[in-house]
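*Asks:* Structure in structure tokens, see below.
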Amino acid sequence: MNQRPSSADNGLAEIFGAPVADLYETAAVSPGAAALTRALDLRSFLALAEEQVARVRDRVHETMAPGRDMNELSADELRFDAQWLAAALDARDGYLTALGQLLRTMPPQTAPVPSRPVQFAQPQITTTLPPTAAPAPPRAGAAPEHRP
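Oh and the sequence shown: position 62 is 251 in this note's numbering, straight run, nothing missing.
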């Protein structure tokens, strides 16, 4: 399971009716849950992109802290961080859009996705002949014999 949090976790838990950790377990044992698998894949990519956004943001904040020595500032480094931040934000927006589209096209979830296929018991039908019925002749229903 992806341990990184994402901004989509609460929505996924609400839509699929289970916490994200449980959804990863369900997807691992239910290969037929294609929509869930796709949603979790997009969620994992989103979490990674959001982590990158946070790293760049935190690095810029640290670099620009009021107590920092101005001689340590580098316009080139800040320009590189701005480009990296733009790329990470574009990726995040793309994953959010794709996840939203996937969730809108899914059929409504009425219950959590089962972890294994449902098996139905086959009913057995038994009959008995009434006590007054006569037994069938020994060759009843048999094909006629061919005689040369």
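C-beta: ideal position from N, C-alpha, C; glycine also.
#1: Identify whether Ala254 lies in helix, strand or coil by the three-state DSSP scheme.
#2: Three-state secondary structure (DSSP) at Arg246?
#3: What first and last residue would you give for the alpha helix (DSSP H) that runs through Ala362?
#4: Going by beta carbon distance, what residues of the same chain come within less than 7 Å of Val245, once the five residues before and after it are set aside?
#5: Return the chain-ordered list of same chain residues with a C-beta closer than 7 Å to the C-beta of Arg281, the five sequence neighbours on each side being excluded.
#6: Here's the rule: buried if 16 or more other CB atoms are within 10 angstroms of the residue's CB, otherwise exposed. What is Arg257?
#7: In terms of residue numbering, what span does the alpha helix (DSSP H) encompassing Leu185 cover?
#8: Quick check: the Cα distance between Pro220 and Tyr213, rounded to an integer number of angstroms?
#9: Using a Cβ-Cβ cut-off of 8 Å (strictly less than) and excluding sequence neighbours within five positions of Glu266, which residues of its own chain qualify?
#10: Please state whether the Cβ-Cβ distance between Arg232 and Ala197 is less than 8 Å.
#11: Helix, strand or coil for Ser195? Go by DSSP, reduced to three states.
#12: On the premise that Ala223 lies in contact with Leu291, defined as a C-beta separation below 8 Å, what is that separation, rounded to the nearest angstrom?
*Replies:* Answer, in terms of the structure:
#1: coil
#2: helix
#3: The first residue shown for the chain is 190 and the last is 337, placing residue 362 beyond what the model contains.
#4: Asp270, Trp273, Leu274 and Ala277
#5: Leu235, Ala238, Glu239 and Val242
#6: exposed
#7: Residue 185 cannot be examined here, being either before or after the span of the chain that is shown, 190 to 337.
#8: 11 Å
#9: Thr252
#10: yes
#11: coil
#12: So it is not a contact: roughly 10 Å between Cβ atoms.
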